[in-house]
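*Asks:*
Number of protein chains: 4
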Amino acid sequence: MAKLHYRYASMNAGKSTQLLQVAYNYTEGGHKVRLFTAKIDDRLGTGVIGSRLGVTREAEVYDESTVFDKLLKRGSDLACVLIDEAQFLTPTQVHELHFLVHDRNLPIMCFGLRSDFMGIPFPGSMRLLSLAEDISELKAICACGHKSTMQIRLDDDGVRVRSGDTVLIGGNNRYRQVCAACFYST
Amino acid sequence: MAKLHYRYASMNAGKSTQLLQVAYNYTEGGHKVRLFTAKIDDRLGTGVIGSRLGVTREAEVYDESTVFDKLLKRGSDLACVLIDEAQFLTPTQVHELHFLVHDRNLPIMCFGLRSDFMGIPFPGSMRLLSLAEDISELKAICACGHKSTMQIRLDDDGVRVRSGDTVLIGGNNRYRQVCAACFYST
Amino acid sequence: MAKLHYRYASMNAGKSTQLLQVAYNYTEGGHKVRLFTAKIDDRLGTGVIGSRLGVTREAEVYDESTVFDKLLKRGSDLACVLIDEAQFLTPTQVHELHFLVHDRNLPIMCFGLRSDFMGIPFPGSMRLLSLAEDISELKAICACGHKSTMQIRLDDDGVRVRSGDTVLIGGNNRYRQVCAACFYST
Amino acid sequence: MAKLHYRYASMNAGKSTQLLQVAYNYTEGGHKVRLFTAKIDDRLGTGVIGSRLGVTREAEVYDESTVFDKLLKRGSDLACVLIDEAQFLTPTQVHELHFLVHDRNLPIMCFGLRSDFMGIPFPGSMRLLSLAEDISELKAICACGHKSTMQIRLDDDGVRVRSGDTVLIGGNNRYRQVCAACFYST
Numbered sequence: 001m002a003k004l005h006y007r008y009a010s011m012n013a014g015k016s017t018q019l020l021q022v023a024y025n026y027t028e029g030g031h032k033v034r035l036f037t038a039k040i041d042d043r044l045g046t047g048v049i050g051s052r053l054g055v056t057r058e059a060e061v062y063d064e065s066t067v068f069d070k071l072l073k074r075g076s077d078l079a080c081v082l083i084d085e086a087q088f089l090t091p092t093q094v095h096e097l098h099f100l101v102h103d104r105n106l107p108i109m110c111f112g113l114r115s116d117f118m119g120i121p122f123p124g125s126m127r128l129l130s131l132a133e134d135i136s137e138l139k140a141i142c143a144c145g146h147k148s149t150m151q152i153r154l155d156d157d158g159v160r161v162r163s164g165d166t167v168l169i170g171g172n173n174r175y176r177q178v179c180a181a182c183f184y185s186t
Numbered sequence: 187m188a189k190l191h192y193r194y195a196s197m198n199a200g201k202s203t204q205l206l207q208v209a210y211n212y213t214e215g216g217h218k219v220r221l222f223t224a225k226i227d228d229r230l231g232t233g234v235i236g237s238r239l240g241v242t243r244e245a246e247v248y249d250e251s252t253v254f255d256k257l258l259k260r261g262s263d264l265a266c267v268l269i270d271e272a273q274f275l276t277p278t279q280v281h282e283l284h285f286l287v288h289d290r291n292l293p294i295m296c297f298g299l300r301s302d303f304m305g306i307p308f309p310g311s312m313r314l315l316s317l318a319e320d321i322s323e324l325k326a327i328c329a330c331g332h333k334s335t336m337q338i339r340l341d342d343d344g345v346r347v348r349s350g351d352t353v354l355i356g357g358n359n360r361y362r363q364v365c366a367a368c369f370y371s372t
Numbered sequence: 373m374a375k376l377h378y379r380y381a382s383m384n385a386g387k388s389t390q391l392l393q394v395a396y397n398y399t400e401g402g403h404k405v406r407l408f409t410a411k412i413d414d415r416l417g418t419g420v421i422g423s424r425l426g427v428t429r430e431a432e433v434y435d436e437s438t439v440f441d442k443l444l445k446r447g448s449d450l451a452c453v454l455i456d457e458a459q460f461l462t463p464t465q466v467h468e469l470h471f472l473v474h475d476r477n478l479p480i481m482c483f484g485l486r487s488d489f490m491g492i493p494f495p496g497s498m499r500l501l502s503l504a505e506d507i508s509e510l511k512a513i514c515a516c517g518h519k520s521t522m523q524i525r526l527d528d529d530g531v532r533v534r535s536g537d538t539v540l541i542g543g544n545n546r547y548r549q550v551c552a553a554c555f556y557s558t
Numbered sequence: 559m560a561k562l563h564y565r566y567a568s569m570n571a572g573k574s575t576q577l578l579q580v581a582y583n584y585t586e587g588g589h590k591v592r593l594f595t596a597k598i599d600d601r602l603g604t605g606v607i608g609s610r611l612g613v614t615r616e617a618e619v620y621d622e623s624t625v626f627d628k629l630l631k632r633g634s635d636l637a638c639v640l641i642d643e644a645q646f647l648t649p650t651q652v653h654e655l656h657f658l659v660h661d662r663n664l665p666i667m668c669f670g671l672r673s674d675f676m677g678i679p680f681p682g683s684m685r686l687l688s689l690a691e692d693i694s695e696l697k698a699i700c701a702c703g704h705k706s707t708m709q710i711r712l713d714d715d716g717v718r719v720r721s722g723d724t725v726l727i728g729g730n731n732r733y734r735q736v737c738a739a740c741f742y743s744t
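Protein chains in written order, with the numbering used here: chain A, 1 to 186; chain B, 187 to 372; chain C, 373 to 558; chain D, 559 to 744.
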């Protein structure tokens, strides 16, 4: 029985590396996979999944208008679907993916952030956490040495920003992953 | 470093049994714990946590007006707080509990459902999934033999009900835990 | 695809409670299970699995001469086999169980200790850790408040014993679960 | 409280990739790590950890004569020790590493195979499974599409070899990761 998998982490845990490793494992064994990433995340150019270790691979892009049901035809020989930056999925898309997993017995693995810089969950991440049959956390490291589970936003001067738009890709702002103790005490 | 723990499951997995076992383990070792359950859930009487295996234990009750910060005084010798039926916590209460874990280095373990009979997540469960440092699933079994991760509601005649109020405790309606494949195909 | 499951823990984590809960979950759903415990462990009488929470249930007994292949007939309607005190299985029996899981598509769940009071693994536990497709730890609590993963033996005067026979059931000796830091520092 | 971590997998799961990602995460945060790999594994040259994704990094080598207690001086500013090909550690070395974790509050992460091509556990892996406070599995994929947990050895003609020396690095023999069902049925 196929599962909807969700691998969540704070920033800089190695989510994309793990996605690329899983894709490699399937492909090496002769299995077919499809990779998606969010159109909004164009840090490396549109349609590229890249790891801080230096590995990159092309991917299809999705945005809130994407209908996965149309893209993932029934009866294909697809072994697995891998989705990066899955926090940008809409709740409706997550429901659609969950249905596709079980209707077509097709494993789908989503990788993404849990919550934004204010500790507020992304709507897509919430729905993934509510429906996935397999949830696991990738560990990143806080500056204090503990496991980080959250992130904070810094402005140009390195001062923490406590409110603002959830999404701010490619701005001059910076993010840093932190453990909850540092999130509350700094 | 203390953690916010969330043990989620569909109905009839044994959540209350595990809560009572953890409470027993702490108490047996001379450690002090406090147990809470939702006031709204009065199936066994108000303020009782009970397991289908036949074990019961008294607990304090909480509702949406409960301020845990007042109940859990700083500097007490408390080793752990255990909360049953945690799907009824408000998102604000979950944030408060998360802060208390890290401000007071106090482990808090919450046990509850993930989603309602329509597959919609409870607001409290969503916030727990977004903030907990340790998330794990307790396994219940679908009638088909697979792991159940969801529940459906049945009416008096055993016919599946697909819409209605999320909470309906002690009514004549009945619930049954199912795997996602059965959730979508029945 | 069925799995060999191994739930290990130090003493007093609640292994038997969890086994009895899983058995209850299957039975309640109309699924058939068989329970085994080690003949050598007669603390509650032969053939009884008991939880510190006060729940007990009869079980079949096994010893090193048991051939599970003969007991678990092909083609039965068995949904799951549950084995308590699995540290007393021989490596050969563990291999046999692993084969039966995959030959008959029959889930088998083993519950037991990992290592003895000297930190030396039980032969059966080692083989379970080497072959099980699903391994998880049940948490017990050290007197210091941390998770316990090991155990120590005490003599009649409460003094730690550092060598001796691995198995000593029902003697006047006592065991206590500890975390590794306490194991090495006391 | 630091832990001994063990990440096990069958071949071709991505163990070295994950090790290199963890090392990167620590180093990027300004934390100091030391990397070790087995001297016997010279597929990429001695003292190199390499991932099938194309990432490599130099590492110190260990063999059965290595005394980690001497190498890992007390009071250093080391944040983590990472050991690849950990199935080649001796049981005594694993005990030493476990002691060092708790004596010096130093996290040590070991990555390695669980069992050899006959399904027999490596002595070092067994001891890691018996002592590690944190055990997790990295998933590789069997040719049949299921999770692989074991490996088989093939000869020059691609015929399965069922007995022989456990270790045979760099020979003309080949290995392939398989699930248990394929291990028993082929």
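Using N, Cα and C, we set each Cβ at its ideal position, and we do this for glycine too. Computed from a predicted model, the values in this text were never measured in an experiment.
How would you list, in chain order, the residues of chain D whose beta-carbon sits under 8 Å from the beta-carbon of A/A187?
*Replies:* No answer is possible for residue 187 of chain A: the residues shown for chain A start at 1 and end at 186.
*Asks:* Is it true that the stretch 526 to 541 of chain C meets the stretch 571 to 581 of chain D, where meeting means three or more beta-carbon pairs spaced less than 8 Å apart?
*Replies:* no
*Asks:* Over what stretch of residues does the alpha helix (DSSP H) that includes D/K628 continue unbroken?
*Replies:* Per DSSP, D/K628 belongs to the alpha helix (DSSP H) from F626 to L629.
*Asks:* Which value, in whole angstroms, describes the spacing of the CA atoms of D/V613 and D/G588?
*Replies:* One C-alpha to the other measures close to 20 Å.
*Asks:* Using a Cβ-Cβ cut-off of 6 Å (strictly less than) and excluding sequence neighbours within five positions of B/P309, which residues of its own chain qualify?
*Replies:* P277
*Asks:* Starting from the C-beta of B/R238, find all residues in its chain whose C-beta is less than 6 Å away, skip the five residues before and the five after it, and write them out in chain order.
*Replies:* none
*Asks:* Would B/V280 be called buried (16 or more neighbouring beta carbons within 10 Å of its own) or exposed?
*Replies:* buried
*Asks:* Rounded to the nearest angstrom, what separates D/C737 and C/L376 at their Cα positions?
*Replies:* 12 Å
*Asks:* Go ahead and pull the three-state DSSP assignment for C/A458.
*Replies:* helix
*Asks:* Applying the 10 Å Cβ sphere with the 16-neighbour rule, what's the burial state of D/S634?
*Replies:* It counts as exposed.
*Asks:* Below 8 Å on the Cβ atoms is my contact criterion, and I expect D/A560 with D/L664 to pass it. Report the Cβ-Cβ distance as a whole number of Å.
*Replies:* 5 Å
*Asks:* Locate the alpha helix (DSSP H) running through A/F183, then write down its first and last residues.
*Replies:* A180 to S185
*Asks:* Kindly indicate which three-state DSSP category B/V353 falls into: helix, strand or coil?
*Replies:* coil
*Asks:* For D/K597 and D/Y620, what's the separation of their Cα atoms in angstroms?
*Replies:* 6 Å
*Asks:* For D/A698, which beta-bridge partners are listed by DSSP?
*Replies:* Residue pairing from DSSP places D/A698 in a beta bridge opposite D/S706.
*Asks:* Using the Cβ count rule (16 or more neighbours within 10 Å means buried), how would you classify B/V353?
*Replies:* Result: exposed.
*Asks:* Which residues bound the beta strand (DSSP E) around A/L53?
*Replies:* Looking at the DSSP string, A/L53 is not in any beta strand (DSSP E), and its letter there is neither H nor E.
*Asks:* In chain order, which alpha helix (DSSP H) runs of at least 4 residues are fully inside the stretch 197 to 224 of chain B?
*Replies:* The stretch 197 to 224 of chain B contains these whole alpha helix (DSSP H) runs: 201 to 214.
*Asks:* What separation, rounded to the nearest whole angstrom, lies between the Cα atoms of C/E505 and D/T707?
*Replies:* 7 Å
*Asks:* Could one say the Cβ of A/E64 lies closer than 7 Å to chain B's Cβ atoms, at least one of them?
*Replies:* The Cβ of A/E64 sits no closer than 7 Å to any Cβ of chain B.
*Asks:* Taking the C-alpha atoms as reference points, what is the distance between A/N12 and A/S125?
*Replies:* 17 Å
*Asks:* In the DSSP assignment, what are the bridge partners of A/V161?
*Replies:* A/R153
*Asks:* Express the C-alpha separation of D/G703 and B/S301 in angstroms, rounding to a whole number.
*Replies:* 30 Å
*Asks:* Assuming A/Y6 and A/C110 make a contact with CB atoms under 8 Å, what is their CB distance in whole Å?
*Replies:* 5 Å
*Asks:* How big is the Cα-Cα spacing for A/E96 and D/T585?
*Replies:* 39 Å
*Asks:* Out of D/C740, D/R720 and D/I710, state which residue places its alpha-carbon closest to the alpha-carbon of D/R732.
*Replies:* The shortest C-alpha to C-alpha distance from D/R732 to any of D/C740, D/R720 and D/I710 is the one to D/I710.
*Asks:* State yes or no: is the beta carbon of B/F285 nearer than 7 Å to at least one beta carbon in chain A?
*Replies:* yes
*Asks:* Using beta-carbon positions only, say whether A/I49 and A/T66 come within less than 7 Å of one another.
*Replies:* no
*Asks:* At 7 Å on the CB atoms, spell out the chain A contacts of B/I321, in chain order.
*Replies:* I135
*Asks:* What does B/G305 touch in chain A if you count any residue whose Cβ is under 9 Å from its own?
*Replies:* By Cβ distance, chain A contributes H95, H98, S130 and L131.
*Asks:* May I ask you to report which of helix, strand or coil DSSP gives B/R290?
*Replies:* Three-state result, B/R290: helix.
*Asks:* Mapping DSSP to helix, strand and coil, what is D/L562?
*Replies:* strand
*Asks:* By DSSP's criteria, A/S115 is part of a beta bridge. Which residues make up the other side?
*Replies:* DSSP lists A/P121 as partners of A/S115.
*Asks:* Name, please, each residue of chain D whose Cβ falls closer than 9 Å to the Cβ of A/N25.
*Replies:* N570, A571, G572, R610, K697, A698 and I699
*Asks:* Ends of the beta strand (DSSP E) at C/E432?
*Replies:* E432 to Y434
*Asks:* Note down, in chain order, each residue of its chain lying with its Cβ closer than 6 Å to the Cβ of B/F369, except the 5 sequence neighbours on either side.
*Replies:* Contacts found: M336.
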